[in-house]
Amino acid sequence: MTVALSGKEVAGKIEEKFPGSVVESGPDNLVVKVDSLLDIARFLKEADGLEFNYLNFVTAVDYYDHFAVAYRLSSLKHNHSLTVKARCYDRENPALPSVTGLWQGADFQEREIYDLFGIRFEGHPNLKRIFLWEGFEGHPLRKDFI
Amino acid sequence: MMIVDFIATGQGHFQAIPPDWPGGFWWHWLFFTVVVIGFVLTMVMGVIYIERRGMGRMQSRLGPNRTGPFGLLQPVADAVKVLLKENIVPAAADKLVHWLAPVVAFAPALMIFAVIPFSNGALLADLNIGILYIVAISSVSTVGVFMAGWGSSNKYSLLGAMRNVAAVVSYEIPLVLAIVGVVLIAGSLSMNQIVVAQNIPFILLQPLGFLLFFAAGCAEINRSPFDLMEADSEIVAGFHTEYSGMKFAMFYLVEYAEAVAISAIICTLFLGGWKGPLLPPWLWFIIKVMLVFFAMVWTRTTLPRIRIDQLMAFAWKFLFPMAIINLFITALQVLAGWPTQLMWAMIIVNFAVTAFMVLIWSRFFFRLGWGRIEV
Amino acid sequence: MAVRTEPFVLNMGPVHPSTHGVFRMRVTLDGEVVVDIEPVFGYLHRGIEKLAEQRTYAGIIPLTDRLDYISSMNNNFAYCLAVEKLAGIKVPERAEYIRVIISELQRIAALLIAVGAFLNDCGAFFTPFLYMFRERERIVDLFEMVSGQRLTYNYLRAGGVSQDLPEEFLPALRKFMDMMPRFMDEYDRLLQQNEILIARAKGVGILPAEQAINCSISGPVLRASGVKWDIRKDDPYSIYDRFDFDVPTQPAGDCYDRYRQRVEEMRQSLRIIEQAMKQIPSGPVRAEVPHLIHPPVGEAYGRIECPKGELGFYLVSDNSIAPYRCHIRPPSLINLTALRDMVRGWKVADLIIIFGSIDITVGEIDR
Amino acid sequence: MKFERYGIGIAKGLTVTIRHLLRHPTVNQYPEQRLNISRRFRGNELIWNREKCTGCGTCAKTCPQGAIEIVTATDMAENKYIVDKYEIDTGYCIQCGLCVEACPYEALYFSHNFECARYRRGELVQGKEEMLETPQRKVSGYFYPDKAQKLPGQTLLVEKITEKR
């Protein structure tokens, strides 16, 4: 059975290493600051006892005032999982660091989010539209897209 | 030397007219031209029917059964349909080459039948170098195929054509070497003489030669498992991707005419040609051709396709050395006079040699998939 | 002697016999050798995630049928799990068993297509494909009996299944179960030991285990690389913890292993169905769930092990009758992440079989 | 890897295909040979029961495609709705069956007829009169097990013997 790690516990561990980087933590997820996302991701992937080596999915949710990008991580070794979120408040030109360097599986999914939400992932090797053609106006999964 | 002879004496080399034939050489020539064309066209229809029905039944379905009784008219319907289709030539194609390619490919396929005996002496031209003629003519089709691949200016076509050229160039060698064994035993290059010399079918005397010839022949005419020149799952349709209408029909005809030709050659060289009890010789011949073709359908239904580098490796590392060894052993046996005196010993020895060689060679020297070319 | 060569770009697809739909690859070739490849998606993009935001929770189920259209039941299953998690719905016992039976049957059907299409890509001229379609047809027949349709079943509902199994279903399933192992043996006889297939597929397109995990590969492709990870076993959903089955793995992670892996998984699925048929209780098949579900505000991720890998639905609710956000984790898309690394340096023919061995459905990639 | 050589695998495969040559084919010849479809068949046509329908419009609300159009007027005398217009555009219908399941008065069914191809898109729109039950268009048993009992049983391929000649 995959154990859903408590966000609060993991948040404590992260706070030890990167103080002030966790915005909010709930029973099954935690929200981190955009600036420290990449460091935390690396920590989560490599720290003993966590070792989140498997990225289940990356997705984004449009909450009008911000985009929440959710990373669902799990560890095949310890069989536990966690949802990490980052919030992007910029609506015109939202950007996040790319995690493709850590988990290659994020490659197409980040492109998909870029395509459908317009969130740019800095450091992505090939950030192009994936489903829609270049030059398509707007980003369909945003709530204000009609 | 022989070619000089041939040119110098002209007609002298045609043994031409069977003694009881009414009329002269030209009647013979006209009659057999008509026979050959009719034979090829009807046989192509027949083998298409056999292939589609037989393959259908092996794949647990029925195959075409709506046109005519038992679907026998399906090839006719196909032909009519394909002839009525629009003829599309790609804008970037080399028009002349694109147009000429099916003709160049078709002519040799038809010409092969000039030296194939349908009965004793019943053949268009009893060349005393018949088998050499076949070897020379049959590879000309490749030129047509390559013209098609180049002229279509399509990358799939080009890939298919390049594969075909590579394959044919490699497979000519084991093909010829496998024939030489038969020629040694029969003592003649004339197709009719080879059949006459077969008191028992040469497949018994030359089992390894038969296997080699069958494999190399399949590769030569793009039959599965060597059909990677038109591998539909890889390069769509290979060299005839851009062909439609009449020209596509020509290529389709070439494909099956070549299959019939190889079947006919196999049954002439190894299966005793027109020889057989009770039934008339031409019927025996057709039955044998159909049987050989059915074997090709059977392998096509079952086997996956091999890759281009494996194809080449198979020719050079398996078929070629085996053909050489087969030739060597046969030559020794012929020197010792076995084919006339110790026929049964030769049968036993050759079957043993075949099994032994295949085992040894695939145990120690060659395995399909060895020697991948790294980049 | 070194020959100077020049790479050229070949557009494979969107219409190509073996791209399994409208999928396109821009392949850079050096002669026959693949230098680079760039998959191009989007030819079947229907915006299912966007459509789902305007539909009721029940109305999304027909949409999920159209994701991976050869394993519709499994898509329904994953979606219903997510909704049940979100709304806290308890599923009756009999419905759970029906779901497991149906889902495993669907897995067999989808894997049959995967194996058949793979062998077809290897060049076995439609024979294995048609044999496997014959068996798939039997399964589809059973599904037609249950749900009334042959491809888009729309059978599972949040809180159970839409209607009970007809009484002639279990005897027919029994007959199928009796004949299936024989057919599986026949497939193995047809091509398992075939020299040509082994030469073509063994050692081709190797995906190492670390890379597979790093690329978020899931399902049979992951297990063929030697990672023992099956959601049915490691995170049992529904009632999978009650069944006794193995998680087969293969050592090498090449195309042949992926093919064998799928065949082994079919056998395991048969085992699960066998047990479920014995244990199935009687009772209601659908919990009392209103037509319009209003789940509480929150989010849920329901995932299952579908024939292609981990299929998940990430639902965000805002307490209305439609999900605020419905994200689908498409195994087909994510499994393609490693394609580029797997095919580089191999030939065109290998590209086709490596691509075929990953087993994608374009409906799920593009959504 | 003992088995990879000598052509044994190829020979095994060849026996399988040649054996199929002697078996019955699995296919059947459609227009002459018809199989019974499922009793719960979900087809392209819907059948509407004029008497039972109260005009509540639940079906139209449930339809995820918006293919059902229902216009009602109020009959004050009898205190009920009169259905003025009831139309289903079967071209939009995805045959999900949610309308049939949703109908609280058992007034909507699937038809058991499957040969309903049309030449024009406009002909796909089913009006009120075309939705009634007729002898040609029987009611399918989808979601109504009692109706399913009356229909002929489905022909199953598992019962078709194809292994022996």
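Chains as they are written, first to last, in this note's numbering: chain S, 1168 to 1313; chain D, 64 to 438; chain P, -3 to 363; chain U, 4 to 168.
Note that the Cβ used here is the ideal one computed from N, Cα and C, for glycine as well.
- In summary, the residues of the segment 7 to 18 of chain P whose CB is separated from some CB of chain D by less than 7 Å are 12, 13, 14, in the order they occur in the chain.
- For the set P:235, P:230, P:262, P:326, the Cα lying nearest the Cα of residue 1171 of chain S is the one of P:230.
- Contacts between residue 41 of chain U and chain P, judged by CB atoms closer than 7 Å, involve 140, 141, 144 in chain order.
- A Cβ of chain D is located within less than 8 Å of the beta carbon of residue 346 of chain P.
- About 6 Å separates the CB atoms of residue 311 of chain D and residue 145 of chain D; that is less than 8 Å, so the two are in contact.
- When CB distances to chain D are screened at a threshold of 8 Å, the residues of the segment 9 to 24 of chain U falling below it are 9, 10, 13, 16, 17, 19, 20, 21, 23, 24, in chain order.
- Within chain P, no C-beta atom comes less than 9 Å from the C-beta of residue 76 of chain U; the nearest is roughly 25 Å away.
- Note on the segment 16 to 78 of chain U: whole beta strand (DSSP E) runs with a minimum of 3 residues are 49 to 51, 71 to 78, in chain order.
- Taking every protein chain shown into account, the CB of residue 1 of chain P has fewer than 16 other CB atoms within 10 angstroms, so this residue is exposed.
- Of all residues in the segment 43 to 59 of chain P, those with a C-beta nearer than 7 Å to a C-beta of chain U are 51, 54, 55, 58, reading in chain order.
- For a Cβ distance threshold of 7 Å, nothing in chain P lies close to residue 1286 of chain S: the least Cβ distance comes to about 14 Å.
- For residue 30 of chain U, the chain D residues whose Cβ falls inside 7 Å of its Cβ are 124, 125, in order along the chain.
- A direct Cα-Cα distance of roughly 25 Å separates residue 177 of chain D from residue 142 of chain D.
- With a beta-carbon spacing of about 19 Å, residue 337 of chain P and residue 246 of chain P fall beyond the 8 Å limit used to define contacts.
- Straight-line measurement puts the Cα of residue 364 of chain D at about 15 Å from the Cα of residue 128 of chain P.
- Close to residue 192 of chain P, with beta-carbon spacing below 7 Å, are these residues of chain D in chain order: 288, 366, 367, 369, 431.
- Residues of the same chain with a CB within less than 7 Å of the CB of residue 80 of chain P, apart from the 5 flanking positions on each side, are 87, 154, 155 in chain order.
- A distance of 8 Å or more separates the beta carbons of residue 132 of chain P and residue 97 of chain P.
- Considering only beta carbons, no part of the segment 104 to 126 of chain U lies closer than 7 Å to chain D.
- Counting only runs of 4 or more residues that sit fully inside the segment 376 to 421 of chain D, the alpha helix (DSSP H) segments are 383 to 398, 401 to 404, in chain order.
- Secondary-structure assignment with DSSP links residue 24 of chain P through a beta bridge to P:5, P:32.
- Collapsing the DSSP output to three states places residue 341 of chain D in coil.
- For residue 302 of chain P, the enclosing beta strand (DSSP E) covers residues 294 to 302.
- A straight-line Cα-Cα distance of about 8 Å links residue 357 of chain D and residue 117 of chain D.
- The Cβ atoms of residue 307 of chain P and residue 325 of chain P lie closer than 8 Å to each other.
- In the three-state DSSP reduction, residue 67 of chain P falls in the coil class, being neither helix nor strand.
- Taking 8 Å as the cut-off between beta carbons, the residues of the segment 102 to 123 of chain P near chain D are 115, 116, 117, 118, 119, 120, 121, 122, 123, in sequence order.
- Taking 9 Å as the Cβ-Cβ cut-off, the segment 1172 to 1187 of chain S has no residue approaching chain P.
- Among the bridge pairs identified by DSSP, residue 323 of chain P is matched with P:310.
- The DSSP-derived three-state label of residue 1239 of chain S is strand.
- The segment 102 to 137 of chain D contains no complete alpha helix (DSSP H) run of 4 or more residues.
- Within the model, the alpha-carbon separation for residue 1202 of chain S versus residue 1313 of chain S is close to 32 Å.
- Chain order gives the chain S residues near residue 332 of chain P as 1275, where near means a beta carbon separation below 9 Å.
- At a cut-off of 8 Å between beta-carbon atoms, residue 98 of chain U makes contact with chain P.
- Of the candidates D:333, D:362, D:216, D:413, the residue whose Cα lies closest to the Cα of residue 282 of chain D is D:362.
- Residue 1226 of chain S carries a strand assignment under DSSP once its states are collapsed to helix, strand and coil.
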